[in-house]
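Report on the structure given below.
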Amino acid sequence: MNSDDIERVRQGWAVAAADPEALTTAFYGHLFRIDPTSRALFGEDMAAQRGKLALTLDFIMGVLDDTDTLVPAARDLARRHVGYGLRPDQYSHAGAALIHALEDQLGTAFGAEDRAAWERVYGALEAVILDTISET
Ligand code: HEM
Numbered sequence: 129m130n131s132d133d134i135e136r137v138r139q140g141w142a143v144a145a146a147d148p149e150a151l152t153t154a155f156y157g158h159l160f161r162i163d164p165t166s167r168a169l170f171g172e173d174m175a176a177q178r179g180k181l182a183l184t185l186d187f188i189m190g191v192l193d194d195t196d197t198l199v200p201a202a203r204d205l206a207r208r209h210v211g212y213g214l215r216p217d218q219y220s221h222a223g224a225a226l227i228h229a230l231e232d233q234l235g236t237a238f239g240a241e242d243r244a245a246w247e248r249v250y251g252a253l254e255a256v257i258l259d260t261i262s263e264t
């Protein structure tokens with residue numbers, strides 16, 4: 129993830145997150161389709177969860193260029209998710225679901241370079257998470 133990736137991802141996020149409800153509804157729809165086993169980890173009421181996800185992604189977008197803040201936050205998130213019963217392989221499903229949700233929201237404005245930038249940024253976050261999980 130380089131500074132061009134960060135700028136590109138932030139620009140896309142600014143548009144997609146203008147409607148956080150639509151974005152996060154699309155995200156969980158894709159996640160539960162890609163990984164049906166993940167549905168049982170959540171309660172029935174997804175509204176609060178959608179809000180928390182939108183806020184956290186928004187926070188992450190703001191600190192992508194601030195490693196000293198991003199890495200500890202990602203490590204805390206990873207440790208909490210161990211407690212929710214997640215398997216490590218489920219993070220790649222979340223990455224795929226996020227890309228699909230962005231495609232839904234941004235349509236043709238989401239091009240191949242955007243996808244590649246999001247994959248690198250999510251991949252960097254996932255690497256920190258998996259590294260943390262492997263230590264627990
Ligand atoms: C990097 C990607 C992810 C982000 C940013 C994220 C974000 C969040 C946030 C903000 C919460 C609220 C509680 C907390 O902060 O600890 C949460 C809870 C949770 N997340 Fe994630 N999450 C991610 C990946 C996943 C994946 C891949 C799954 C399952 C396949 C998952 C399952 C859960 C569950 C089960 C809870 C608890 C829900 C409850 O309290 O009922 N998360 N997540």
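Residue 152 in my numbering is what sits at position 24 of the sequence shown, and the numbering runs on without skipping anything.
Quick reminder that beta carbons are idealized off the backbone N, C-alpha and C, glycines included.
- A distance criterion of 6 Å places the beta-carbon of residue 166 in contact range of the ligand HEM, judged by its closest non-hydrogen atom.
- Here the alpha carbon of residue 247 sits roughly 20 Å from the alpha carbon of residue 183.
- Taking a contact to require three or more Cβ pairs closer than 8 Å, the segment 163-174 and the segment 184-201 do not qualify as touching.
- Straight through space, the alpha carbons of residue 151 and residue 142 are spaced by roughly 12 Å.
- Counting along the chain, no alpha helix (DSSP H) covers residue 213, and no H or E run does either.
- For residue 249, the three-state secondary structure derived from DSSP is helix.
- Relative to the ligand HEM, residue 139 has its C-beta separated by 6 Å or more from all heavy atoms.
- In terms of Cα proximity to residue 216, the closest of 192, 264 and 149 is 264.
- In the three-state scheme derived from DSSP, where H, G and I count as helix and E and B as strand, residue 145 is classed as coil.
- Annotated as distal: residue 175 and residue 233, with beta-carbon spacing of 7 Å or more.
- Here residue 245 is near residue 133, since their CB atoms are less than 7 Å apart.
- Residue burial annotation: residue 195 is exposed, with fewer than 16 other C-beta atoms found within 10 angstroms of its C-beta.
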